Amino acid sequence: MRRAPALALASALALASGVASANPLDTYGFGSRETAMGGAVSASVRGTHASYYNPAGLADTTGFELALGYFRAAHYLSTNGQDNQVDPVRGMNGGLVLPGHVFQVPIAFGIGVHLPDDRISRVRALRQEQPRWEMYDNRNQRLYFATNLALRPFKWLAVGGGLSFMSSTRGRLDITGSANIFRPSQSEVRHEVDADLTAVRYPQAGVKVDLSDSVRAAMVYRGEFQLGLDLTARLRGDISRLTTALYELETHSVNNFLPRQIVLGGSWDIRPWWTANLDLTWIEWSAYVAPVASLNVNLDIPPPQGGWPATITPPETPAPIRLQPLRLSNRIVPRLGTEVLAVQRPRLDVAVRGGYEWAKSPIERQTEGVTYLDLDRHTISAGVGLAARSLVAEIPGEIRVDVHGQLSVMPEETTLKSRPSDFIGDYRASGHIWNLGTTVTFTLDGASRKEAP
Amino acid sequence: MTRVASRLSLVALALPVACATLGGEGVGDRDLPTTGVGPFRKLETGEVPGSAPFVLDDKLAEYRDPSAVVAPDGSVILHAVARDKAGADVIVRTRALDAVSFHGTREDSGHTPRVVLAPALPWEGPALSGPSAVLRGGETWLYYAGTGGIGLARSRDGFTFTREPAPVLAAAVPPSAWETTAPRAPSVIVLPGGELRMFYAAGTSIGEARSADGVRFERVGAAPVLAPRPSDVPLQKGEKPAFDRGAVADPFASVRITPAGRLHVRVLYTGYAAAAGASDSAIGFAARYGESGPLESNPLAVYAVGKGERGPAFVEIGRRSFVYVEQDVVTLGTDPKRRAIAAGVAPVAEVLESPRGFPAEP
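Put into structure tokens, the structure is as follows:
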């Protein structure tokens, strides 16, 4: 058993030291059981997926657990009746939990991963004026990776915490040399590229309190992070011995911003076979930093002796961008979830789940300038889970298969632009999102399921 | 148990590594909302039959002042000013099936655009300018400018025109404070109720006139609907003064109903940093909601290439908008500097297919 934690820790360190990661899980959920329950699981989550919902839930895992799943969230987001073809978010998710004891106190180490299946991370710097589905287009095209540790110092109390990892990008491009505009093949230029992925960490922590045998409460904190993108470029040299050219560019943008969140949750076993959950998530959207690049450019191309030929128009230094503020409001997102153990047999359980989430758009109506598209979102979800115990003699424990389906509906809204000369103009926006997925979980040497009465 | 747990840990470690692949750029930016008037990018080599970004170019004719309209068959009809063999400025008509391959441009050897209107009436003077075509009831109504104001010629076939004997909008008598020259560069739109509105240039500004029948126009209000942008606005460090602080001219108007149901009058125009006609110019966009009122202009130019671009016209075909402007042709050696008609497209991310070829007739 000692080697497994060591391997897990090694994998955590290896992955943390250079890959970009982020958090599409806020939008689409993590794990089929939890997604099917509308994400309202902070007080009832257990096992692998506690790494995201509430690290304290790791402490409820009684045996080594490995989960692996896949989901695909397809966007159908349209403006003026035209589908804007926002990319789907899809990929594997899962993780593992290694439980144990220290001084007879139950502890558990957990890793949670969401791995997109066609990219690890996408960086986009769009023009400020370009409309974009801010919450769905680029922010969710990320890898999520978190490590957590949990312990249960008292029978009624579990606490947990850990770090999620991100990586900022810094890059520098130097080009020096001589450009021959009459014989390009005789140009001599030297390139120097320096790219740096710097790890960024943000904390998460949770606590779970068993108020009674049937009522639990939880609080979770998730820290804020900003994924920066800094690029500098410097071009220096001469042009056919006629003149010299110097071009310096510095740009900085926040390509991904995850706001601070606090979750308050409760879980009530109404009957031994029926659980109802409620989560309220406070999201500090007001701190949001728009993903617009600030740009500083210096261009110096002195005219050659005798001035520029009539056929050549020298380029001019671009005017600085007048950044327009993006105002977002803090939001409280309510989530409801329920789980019913429909079948209980010694070697098989079948659970039916449902959930609902209402996320009011934090982006204020934009009647002027920029167009960050977003809408209020109603999400309903459902799912089924099968838990089979001791199916294979060589692998004692439990195998669970969960599936979920989730539909987000975004009712149409019409935005009127105040300035007639706005390049975007009035528009109608609407959409829906389908999210389907499954998770398979192996739990060895014990059962992390809710014990039947 | 230890062995099983270790192996499963290795599997967990290997799966992400095995699956981490590089994806494409993705999309998410298709059919985004737009007013259809830019910003435009100039067309590139491979998107036009000849030398990009020009779509109507001839050393002798020196095409200028384009006006575009989409025909019922989907082709783009372009009227433009051209110099005839006698050296007079006349109005010609040409056509493209793909919005870029215009009959009779330099690469379409053996053809020339058809001359449809030449100066003939005393009030027109020696040169015609500012064509603006409106397709109405199966006829082509061609408004144009002469020395004494704005005239109208009508045609059933698009080639043989019958003109009104007098200007449909003559110089203001007495001249108003802003309308210090005869009206020129007309652009006419038909409102949903059937009334016609004409935007025209005069002095350094743009005015508006209305007509119920399209033949007799009366001015709307005493002030221009668009004037040069005030030049006393404080600038940020490095920010350039307004491109249209000197004069505004050459309106090209179009009307639409927005997705929210509002009437939207859109006007492209030439903005001059100094006096009208100077080389420091760019194409701007002004608009209003509703049938009447002043136009409000965007401070950013929608087409600016530093080639003395002016006289814009645009058409919308599907999700694309094409802008046609008159601008300098870069000439080498001893060739004299000349003007030709260039084209641009919006949204700027659009990439055009290869040109479809020239139509047999203009």
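First to last, the protein sequences are chains Z and F. Residue 1 is where the first sequence starts when you use the working numbering, and the numbers rise one by one after that. Residue 1001 is where the second sequence starts when you use the working numbering, and the numbers rise one by one after that. Don't be surprised by glycine CBs; every beta carbon is placed ideally from N, CA and C. Since the model is a prediction, treat every value here as computed from it, not as a measurement.
{"Query": "So, is Ile-332 of chain Z buried or exposed, given that buried needs 16 or more other C-beta atoms within 10 angstroms?", "Result": "exposed"}
{"Query": "Locate the beta strand (DSSP E) running through Thr-1094 of chain F, then write down its first and last residues.", "Result": "1089–1096"}
{"Query": "Would you mind reading off the limits of the beta strand (DSSP E) that contains Thr-275 of chain Z?", "Result": "274–283"}
{"Query": "Can you name the start and end residues of the beta strand (DSSP E) that Ser-1321 of chain F belongs to?", "Result": "1320–1329"}
{"Query": "Between which two residues does the beta strand (DSSP E) holding Asp-1065 of chain F run?", "Result": "1064–1070"}
{"Query": "Only counting the same chain, and skipping five residues up and downstream in sequence, which positions put a Cβ closer than 7 Å to that of Leu-211 of chain Z?", "Result": "Ala-217"}
{"Query": "If we cut at 8 Å on Cβ distances, does Gly-1050 of chain F have a partner in chain Z?", "Result": "no"}
{"Query": "Just to make sure I have the definition right: I need the residues of chain Z whose C-beta is within less than 8 Å of the C-beta of Glu-1296 of chain F. Which are they?", "Result": "Arg-419, Pro-420, Ser-421"}
{"Query": "Given a cut-off of 8 Å on the beta-carbon distance, is the pair Arg-1083 of chain F and Leu-1056 of chain F in contact?", "Result": "no"}
{"Query": "Consult DSSP for Asp-1108 of chain F and reduce its assignment to one of helix, strand or coil.", "Result": "coil"}
{"Query": "Looking at the strands, I want to know which residues DSSP matches up with Tyr-1200 of chain F.", "Result": "F:Gly-1207"}
{"Query": "At a CB-CB cut-off below 7 Å, which residues of chain F make contact with Leu-416 of chain Z?", "Result": "Ala-1260"}
{"Query": "Using 10 angstroms around the beta-carbon of Gly-1221 of chain F, count the other beta-carbons present and answer buried if the total reaches 16, otherwise exposed.", "Result": "exposed"}
{"Query": "By the 10 Å Cβ neighbour count, where 16 or more other Cβ atoms means buried, how is Pro-1192 of chain F classified, buried or exposed?", "Result": "exposed"}
{"Query": "Is it right to say Asn-298 of chain Z is buried, meaning 16 or more other beta carbons lie within 10 angstroms of its own, or is it exposed?", "Result": "exposed"}
{"Query": "Does the distance from the CB of Val-1076 of chain F to the CB of Ala-1096 of chain F come in under 8 Å?", "Result": "yes"}
{"Query": "What would DSSP say about Trp-156 of chain Z, mapped onto helix, strand or coil?", "Result": "coil"}
{"Query": "Distance, Cα to Cα, Ala-290 of chain Z vs Leu-229 of chain Z?", "Result": "13 Å"}
{"Query": "Report yes if the C-beta distance between Thr-338 of chain Z and Asn-277 of chain Z is below 8 Å; otherwise report no.", "Result": "yes"}
{"Query": "Measuring alpha carbon to alpha carbon, tell me which residue in Z:Val-384, Z:Leu-336, Z:Pro-24, Z:Thr-415 is nearest Ala-43 of chain Z.", "Result": "Z:Leu-336"}
{"Query": "Does DSSP put Gly-57 of chain Z in a helix, a strand or coil?", "Result": "helix"}
{"Query": "Restricting to Cα atoms, I'd like to know which of F:Val-1315, F:Lys-1307, F:Arg-1320, F:Ile-1189 is closest to Thr-1331 of chain F.", "Result": "F:Lys-1307"}
{"Query": "Is Glu-129 of chain Z near the ligand ADP, in the sense that its beta carbon is under 7 Å from a heavy atom of that ligand?", "Result": "This structure lacks the ligand ADP, and indeed carries no ligand of any kind."}
{"Query": "According to DSSP, what are the bridge partners of Leu-1268 of chain F?", "Result": "F:Phe-1252, F:Phe-1285"}
{"Query": "Sorted by chain position, which residues of the same chain lie with C-beta nearer than 7 Å to Pro-259 of chain Z's C-beta, five sequence neighbours on each side aside?", "Result": "Glu-224, Ile-283, Glu-284, Trp-285, Ala-287, Tyr-288"}
{"Query": "By how many angstroms is the C-alpha of Val-1305 of chain F removed from the C-alpha of Gly-237 of chain Z?", "Result": "25 Å"}
{"Query": "Using a C-beta to C-beta distance shorter than 8 Å, which residues of chain F count as neighbours of Arg-428 of chain Z?", "Result": "Pro-1259, Ala-1260"}
{"Query": "Can you give the beta carbon distance from Thr-1140 of chain F to Gly-1151 of chain F, rounded, assuming they're within the 8 Å contact cut?", "Result": "Rounded, the Cβ-Cβ distance is 14 Å, inconsistent with contact."}
{"Query": "Rounded to whole angstroms, what's the CA-CA distance from Thr-251 of chain Z to Thr-415 of chain Z? Just pull it up for me.", "Result": "31 Å"}
{"Query": "List the residues of chain Z whose Cβ lies closer than 7 Å to the Cβ of Arg-1288 of chain F, in chain order.", "Result": "Pro-420"}
{"Query": "Going by C-alpha to C-alpha distance, which of F:Ala-1068, F:Ser-1279, F:Leu-1169, F:Pro-1119 sits closest to Phe-1199 of chain F?", "Result": "F:Leu-1169"}
{"Query": "Counting contacts by CB-CB distance shorter than 8 Å, is Phe-1285 of chain F in contact with chain Z?", "Result": "yes"}
{"Query": "Return the bridge partner residues of Ser-1101 of chain F from the DSSP annotation.", "Result": "None; Ser-1101 of chain F has no bridge partner."}
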